[in-house]
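Asks: Quick note, in the UniProt record's numbering, the sequence shown goes up one by one and the last residue is 316.
Every residue gets a Cβ at the ideal spot worked out from N, C-alpha and C, and that includes glycine.
Note that the structure is predicted; figures quoted are calculated from it, not measured.
Let me begin by handing over the structure; questions about it come next.
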Amino acid sequence: MSTAVAATQRARDASRARARRRNVGAAFLFLSPWLVGFVVFTAWPLIYSAYLSLTDYDVINDPSFVGLDNYAEMFRDPKVGLALGNTFLFTALQVPLYVIVSLLLALLLHRAGRASGFYRTIFFLPKMTPPVAVGVLFLLLFNGQNGLVNEALGVVGIDGPSWTTDPAWVKPGLVVMSLWTVGASVIILLAALQSVPEELYESARLDGAGFWRQSLSITLPMISPALFFIVIVNTIAGLQTFDEAYTAFFGAGNTTYSNDAALFYVIYLFQQAFEFLHMGYASALAWLLFALIMVVTTVQIVISRRLVYYEGEDAR
1 MSTAVAATQR
11 ARDASRARAR
21 RRNVGAAFLF
31 LSPWLVGFVV
41 FTAWPLIYSA
51 YLSLTDYDVI
61 NDPSFVGLDN
71 YAEMFRDPKV
81 GLALGNTFLF
91 TALQVPLYVI
101 VSLLLALLLH
111 RAGRASGFYR
121 TIFFLPKMTP
131 PVAVGVLFLL
141 LFNGQNGLVN
151 EALGVVGIDG
161 PSWTTDPAWV
171 KPGLVVMSLW
181 TVGASVIILL
191 AALQSVPEEL
201 YESARLDGAG
211 FWRQSLSITL
221 PMISPALFFI
231 VIVNTIAGLQ
241 TFDEAYTAFF
251 GAGNTTYSND
261 AALFYVIYLF
271 QQAFEFLHMG
281 YASALAWLLF
291 ALIMVVTTVQ
301 IVISRRLVYY
311 EGEDAR
């Protein structure tokens, strides 16, 4: 009897093993498009760029190994320091302003009730604008002589600056222009606001808490994960700023404006790779940017452990 039971159990185990293999095979079959795309378009280019960063390569001739010379050259290249300074300054100005404006608009939408759906669409539509068009729009709106922004400032008696020609105002102008695309962040923050339990506000009102106390003690802690996500994503995007600034200040035939103030890191990387054909040096620049983004993101994650509240976790 025991022999028959053991044989039945072995048959069941074999059947389960075959079912698991079929499930694993089906899973890999469905994942295969992503896996092939990841290997071909992400993993291989990443590995190959690491190799190119150790070579002198101009696209025309075969790569020649130069070791760490490209990385040493970055420390002697004054344009690298200029581009990094411009990029970090732009990011330091843009991210806080972007988050604050997104939060204020999300709070307004949160109070709009049923009309919020319409306004969500309106706020998100600019996000669909091609970055090249935004760069051209920047030149039209922020023209120091007859741009719409300066004309609007003139109505209230303010003499607007030369946004596109004064180096001190180039980056602030680009920061203001970047607010054109806050729609995606507004929608994320609105979803976070709508998920805050109303019971918390009712309890706070019973305890006599006003608007500011409720905002500091309930709203901000409860939406802090969404705020943290927006800060991380926009910091990475700020460090990779390219499209709008390149279109406005480095486009074909653009010789009107001084562009050192708008020389961001990725623009300089692009110039080295595709204008000067210094592919090896550009690959080294790309790996430096990758390392800087990793360091900045790691610091933000460490700091967030004390500032971000996740519901269900013990308070830190």
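CB-CB under 6 Å to residue 179, same chain, minus the five flanking residues each way: which ones, in chain order?
Replies: Around residue 179: 101.
Asks: Look at residue 285 and residue 269 and say whether their C-beta atoms are less than 9 Å apart.
Replies: Taking 9 Å as the Cβ cut-off, residue 285 and residue 269 qualify as a contacting pair.
Asks: Is the segment 145–164 touching the segment 65–80, taking contact as three or more C-beta pairs under 8 Å?
Replies: The segment 145–164, when compared against the segment 65–80, does not touch it at the 8 Å Cβ threshold.
Asks: Can you give me the Cβ contacts of residue 56 inside the same chain, cut-off strictly under 6 Å, excluding the 5 residues immediately before and after it?
Replies: Counting only Cβ-Cβ distances below 6 Å, and skipping sequence neighbours, we find 64, 66 and 280.
Asks: Thinking just about the alpha-carbon of each residue, which of 201, 302 and 62 is nearest to the one in residue 277?
Replies: Considering only alpha carbons, the answer is 62.
Asks: Quick check on the burial criterion: 16 or more other C-beta atoms within 10 angstroms. Buried or exposed for residue 45?
Replies: It is exposed - the Cβ of residue 45 has fewer than 16 other Cβ atoms within 10 Å.
Asks: Given this structure, state the Cα-to-Cα distance separating residue 140 from residue 183, to the nearest angstrom.
Replies: Residue 140 and residue 183: Cα-Cα distance of roughly 22 Å.
Asks: With respect to the alpha helix (DSSP H) encompassing residue 308, which residues constitute its N-terminal and C-terminal limits?
Replies: Counting along the chain, residue 308 falls outside any alpha helix (DSSP H), and DSSP gives it neither H nor E.
Asks: Tell me whether the beta-carbon of residue 90 lies closer than 9 Å to the beta-carbon of residue 176.
Replies: Not in contact: residue 90 and residue 176 (Cβ atoms no closer than 9 Å).
Asks: On the DSSP bridge list, what partners appear for residue 55?
Replies: Paired residues: 65.
Asks: For a test of the three-state rule: what should DSSP assign to residue 197, helix, strand or coil?
Replies: DSSP places residue 197 in coil when its eight states are reduced to three.
Asks: Between the alpha carbons of residue 1 and residue 10, how many angstroms are there, rounded?
Replies: For residue 1, the predicted model reports a pLDDT of 49, less than 50, meaning its position is unreliable and no value from the coordinates is stated.
Asks: Rounded to a whole number of angstroms, what is the C-alpha to C-alpha distance between residue 133 and residue 206?
Replies: Whole-angstrom Cα-Cα distance: 51 Å.
Asks: Per DSSP, what kind of secondary structure is residue 80 in: helix, strand or coil?
Replies: The answer is helix: DSSP assigns residue 80 an H, G or I state.
Asks: State buried or exposed for residue 98, treating a residue as buried only when at least 16 other CB atoms are found within 10 Å of its CB.
Replies: It is buried - the Cβ of residue 98 has at least 16 other Cβ atoms within 10 Å.
Asks: Run through DSSP, which three-state label would residue 263 get?
Replies: Three-state result, residue 263: coil.
Asks: Grab me the residues of residue 170's own chain with a C-beta within less than 6 Å of its C-beta, minus the 5 sequence neighbours each way, in chain order.
Replies: Excluding sequence neighbours, residue 170 sits near 261 and 262.
Asks: Give the DSSP-derived three-state secondary structure of residue 158 in the structure shown.
Replies: Note: residue 158 maps to coil in three-state DSSP.
Asks: What's the C-alpha gap between residue 298 and residue 158?
Replies: About 42 Å.
Asks: Do three or more CB pairs link the segment 224–234 to the segment 189–205 at distances below 8 Å?
Replies: With a cut-off of 8 Å, the segment 189–205 and the segment 224–234 count as touching, because enough Cβ pairs lie within range.
Asks: Which of the three DSSP states, helix, strand or coil, is assigned to residue 207?
Replies: Coil.
Asks: With respect to the alpha helix (DSSP H) encompassing residue 182, which residues constitute its N-terminal and C-terminal limits?
Replies: Segment: none, residue 182 is in no alpha helix (DSSP H) and carries neither H nor E.
Asks: Using a threshold of 9 Å, state whether the C-beta atoms of residue 106 and residue 187 are closer than that.
Replies: Contact flag set, yes.
Asks: Sorted by chain position, which residues of the same chain lie with C-beta nearer than 8 Å to residue 316's C-beta, five sequence neighbours on each side aside?
Replies: Bear in mind that a pLDDT of 43 at residue 316, under 50, signals an unreliable position, so the number given afterwards is only what the model happens to contain. The answer, listed in chain order, is 305 and 306.
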